[in-house]
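Engineer: Have a look at this one.
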Amino acid sequence: MVRSGRRTAAATDAAGAAAALAARLGELRADERVRYVTDLVREQAARVLGHATPKAVDVTQEFRELGFDSLTALELRNHLSTATGLRLPATLVFDYPTPTALAEHLVSELAPGDEDPQGPSLLAELDRLEALFAAGEHDGITRAGLALRLGRMLDKVRGGTPEATGTPVDDAFESASADEVFAFIDNELGRMGDH
Numbered sequence: 001m002v003r004s005g006r007r008t009a010a011a012t013d014a015a016g017a018a019a020a021l022a023a024r025l026g027e028l029r030a031d032e033r034v035r036y037v038t039d040l041v042r043e044q045a046a047r048v049l050g051h052a053t054p055k056a057v058d059v060t061q062e063f064r065e066l067g068f069d070s071l072t073a074l075e076l077r078n079h080l081s082t083a084t085g086l087r088l089p090a091t092l093v094f095d096y097p098t099p100t101a102l103a104e105h106l107v108s109e110l111a112p113g114d115e116d117p118q119g120p121s122l123l124a125e126l127d128r129l130e131a132l133f134a135a136g137e138h139d140g141i142t143r144a145g146l147a148l149r150l151g152r153m154l155d156k157v158r159g160g161t162p163e164a165t166g167t168p169v170d171d172a173f174e175s176a177s178a179d180e181v182f183a184f185i186d187n188e189l190g191r192m193g194d195h
């Protein structure tokens, strides 16, 4: 009887937390919802990993790089299920490999009518592509093609084209080795993350 009472109390607490979260999300704009849920994911991830502060969890880093294994992934899933009231799969952190991607998924589940008509955010898509790239072996031609396209996209992000900004990106990438290209990308993306 006591065990059943504890389960009932825990379920009531979880339902209350989920209702409070839903109410809070209803007060926020779409971009604020993602930020709010990202903070929730970050807080729970820090708790599971034993960090003193959520700031120890980089929201763009993959969960496995943060130190998650199958057991801690399940623990995080359980905490998030309790906080959100959602029934979440055991593969949650593997399906959504970064806190940002996971938060966007949770928001889409919690507020399905408010999905961005443009689809997932660019940052979440970059997280997904980065995880996809890290998961496989790629030949030199594929790496060079990626580097060239990423360079062009980076020029657009900066507000111009290679010709308009005076940077001979195409020539530089054609003559660069794969290691040089990836060092450039790491350097540039690192700088963008500092802003």
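According to this note's numbering, the sequence shown holds residues 1 to 195 in order.
Positions of the beta carbon are idealized from the N, C-alpha and C atoms, including for glycine.
#1: Since P99 is in the alpha helix (DSSP H), which residue starts that stretch and which ends it?
#2: Verify whether the separation of the beta carbon atoms of L80 and L88 is less than 8 Å.
#3: Answer yes or no: do V93 and F63 have a C-beta to C-beta separation smaller than 8 Å?
#4: Taking D31 as the reference, give the member of V107, G145 and E75 with the closest Cα.
#5: Can you check whether the CB of D127 is closer than 8 Å to the CB of T60?
#6: Can you tell me the Cα-Cα spacing of R152 and N78, whole angstroms?
#7: Comparing C-alpha positions only, which one of R35, V57 and V34 sits nearest to Q44?
#8: Helix, strand or coil, according to DSSP, for A20 in the structure here?
#9: Any idea what DSSP makes of Q44, helix, strand or coil?
#10: If you count every other CB in all the chains shown that lies within 10 Å of the CB of V157, and 16 or more means buried, which is it?
#11: What would DSSP say about R158, mapped onto helix, strand or coil?
#12: Kindly give me the distance between the Cβ atoms of T84 and L21, rounded to whole angstroms, as I take these residues to be in contact under 8 Å.
#13: When the Cα atoms are used, what is the spatial distance from F184 to E137?
#14: Which stretch, first to last residue, makes up the alpha helix (DSSP H) that contains L66?
#15: Return helix, strand or coil for Y96, following the three-state DSSP convention.
#16: Please list, in chain order, all residues of the same chain as H105 whose beta carbon is under 6 Å from its beta carbon, the five residues on each side excluded.
#17: Using a threshold of 8 Å, state whether the C-beta atoms of L25 and L129 are closer than that.
#18: Near G166, what residues of its chain come up, given a Cβ to Cβ distance below 8 Å and the 5 sequence neighbours on each side ignored?
#19: On the criterion of 16 or more Cβ atoms from any shown chain inside 10 Å, does L132 qualify as buried, or is it exposed?
#20: Determine the closest residue to E180 out of L154, D155, A18 and A147, with distance taken between C-alpha atoms.
Structural biologist: With the given structure in hand:
#1: P99 to L110
#2: yes
#3: yes
#4: V107
#5: yes
#6: 41 Å
#7: V57
#8: helix
#9: helix
#10: exposed
#11: coil
#12: 6 Å
#13: 19 Å
#14: F63 to L66
#15: coil
#16: Y96
#17: no
#18: Residue confidence for G166 is low, a pLDDT of 48 falling below 50, so the modelled location carries little weight and cannot support an answer.
#19: exposed
#20: A147
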